[in-house]
Each structure stands twice: as C-alpha cells, then as structure tokens.
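When you read off a place in the sequence shown, starting at 1, and then add 1332, the result is the number in the working numbering.
Structure first, commentary second.
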Amino acid sequence: MVDFSPIRRPGMTTLDRDVFKQKFKTLALRVPSKKISSFIHLKELLNQPPLHNIISDPESSQTKLVLLRLDLCEEDIAQLPGESRDKIEEAVAVVTHTFEVTYDDWSIDQILRAVMPEESVEIPSSYTQIGHIAHLNLKEEYLPYKHLIGQVILDKNKKITSVVNKTHAIDNTFRNFQMEVLAGNSDTVAQLAENGCRFRFDFARVYWNSRLQSEHERLVKQFHRAESICE
C-alpha cells in the first residue's frame, strides 16, 4: 500500500508551505475523450480527494488520462477481476504518469500529523466556528505549534478570517474568557444565523456556546417581532 501523505516534518513550528510539495507516480489509461464517461466507474481509479482522477492528456487534445490507484503496477492488471481488466484493455495505452501534490492539496489533518511529534496521541485540528472566527482550546503540549496550527486552519477554510485560542479558564460573572489571536485578523465581532435570527456580538466580550442551540431556540420562540430583549 502506497502511503499517500506528506513527508513527516516533526518539530516544525513556523509554517513552510514549500516543503509539502511531493511527487507521486501512478499508472494512467490513455482514453479517447468521447469514451471517457465509460471509465468513471472503474473500481481501480485513483481516489485521493481533492485530486482529480481524470485529467487532460499532455500528448493529445483528443484523449484524456484516467489515473489509477497508486498501489497498482502494470503486472497487476492481468490479475484484476474480469470486468476491470476488460475495461482497462479498451484504453489506447497504459502509461506512467507523474503528478505533484502541494500544500494546497493536503488536508488539515494530514499537514498537522506531519509536523506533530510521533508520540502525539491526537491531532489538534478540531475547532468551533463562530461566524468568521475559529475558536481553539489547545492543550499545553500543542502550544509550541499554536501559530502553525492557526495558520493551517486559516488557509484551509476560506470562510475563516481569524483563529483564536482560549488562554484562561472562564472565571468571571459574564462567562467570557481571555483569548489570543493565532492567525488572521483581530476582529472578534462575529455575525451568524441561527433559528431564523441573525446574531451580532463581540466574541471577546460575550459568551457564546454553539452547543446551546436548543436553548437558544427555546428562548427565541418566546420573543416577538419588534421586542427589545435585555437581561
């Protein structure tokens, strides 16, 4: 089985996107463009989102390349089930294709798994999204990587423009907490829609917990249009 993951870079604390470029070789079928639709259900297709398994053929505008899974070599084709083998034999040719995977193609988990120490039990890729803000609650062991983690999350979610991390436990009357910006801008005024209502608040000063959606809904149903609500 071919390991489709970025080369490990344990200990990286400052993100270097260029080191995540990596080349892979795979078998590809050269297929006439008019017949390409009959190959899209082939079980041996490359299946590595977000990569495409049907691409333009650099050798001809009349054909396309159908990429096969990475662990398949030409000698294996004869051992495939009859249906797959027959379909592959319909191709004009079986060729070797080299493609490059870059930072943009890897997922958050794949990037962070490559830079975390090998002894890490979990990958700190989870967060809560409040409008344009991604809110993390990182464990102490991941704090040396906090800015890298924040930047990767920012890069991989175009709807997020600010990544923050809670720095202290909730210990005051209003249940808000201190936070630091790890990546992106420092705008903490969030807007989000829930239960048919639009909420706008400063996340740095207002406690908001998305897991309380049912309670939010219960309260909203008690309110009426044009009412002003205060606590």
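All C-beta atoms, glycine included, are put in the ideal place defined by N, C-alpha and C.
Fair warning: this is a prediction, and the values are worked out from it, not measured in the lab.
Item: DSSP three-state call for Ile1387: helix, strand or coil?; Value: strand
Item: Kindly indicate which three-state DSSP category Phe1555 falls into: helix, strand or coil?; Value: coil
Item: Roughly how many angstroms separate the alpha carbons of His1352 and Glu1450, rounded to a whole number?; Value: Here the sequence assigns Phe to residue 1352, which means His is not the residue at that position. If I take the Cα positions, the gap works out to 18 Å.
Item: When you compare the CB positions of Ala1360 and Leu1399, do they come within less than 7 Å of one another, or not?; Value: yes
Item: Using a Cβ-Cβ cut-off of 6 Å (strictly less than) and excluding sequence neighbours within five positions of Glu1549, which residues of its own chain qualify?; Value: Asn1527
Item: Out of curiosity, what's the CA-to-CA distance linking Ala1522 and Ile1462?; Value: 7 Å
Item: Nearest-angstrom Cα distance between Pro1381 and Phe1336?; Value: 11 Å
Item: Closest to Pro1342 by CA distance: which of Asp1534, Leu1480, Leu1514 and Ile1387 is it?; Value: Leu1480
Item: If you draw a straight line from the alpha carbon of Tyr1435 to that of Gly1482, how long is it in whole angstroms?; Value: 15 Å
Item: Buried or exposed: Ser1458, going by 16 or more other Cβ atoms within 10 Å of its Cβ?; Value: exposed
Item: Tell me which same chain residues have a C-beta within less than 8 Å of the C-beta of Asp1350, skipping the five on either side of it?; Value: Tyr1435
Item: Would you identify the three-state DSSP class for Arg1340, choosing helix, strand or coil?; Value: coil
Item: Suppose only complete runs of 4+ residues qualify. What are the alpha helix (DSSP H) ranges in the stretch 1438 to 1497, listed by chain order?; Value: 1440 to 1447 and 1478 to 1488
Item: Apply the 10 Å Cβ neighbour rule to Pro1413 and answer buried if 16 or more other Cβ atoms are within range, or exposed otherwise.; Value: exposed
Item: Please classify His1556: is it buried, with 16 or more other beta-carbons within 10 angstroms of its beta-carbon, or exposed?; Value: exposed
Item: Would you call Lys1357 buried or exposed, if buried means 16 or more other Cβ atoms sit within 10 Å of its Cβ?; Value: exposed
Item: What residue range is occupied by the uninterrupted alpha helix (DSSP H) comprising Lys1419?; Value: Gly1414 to Glu1421
Item: Are the Cβ atoms of Ile1387 and Leu1402 separated by less than 7 Å?; Value: no
Item: Looking at the structure shown, is Leu1544 part of a helix, part of a strand, or coil, going by DSSP?; Value: helix
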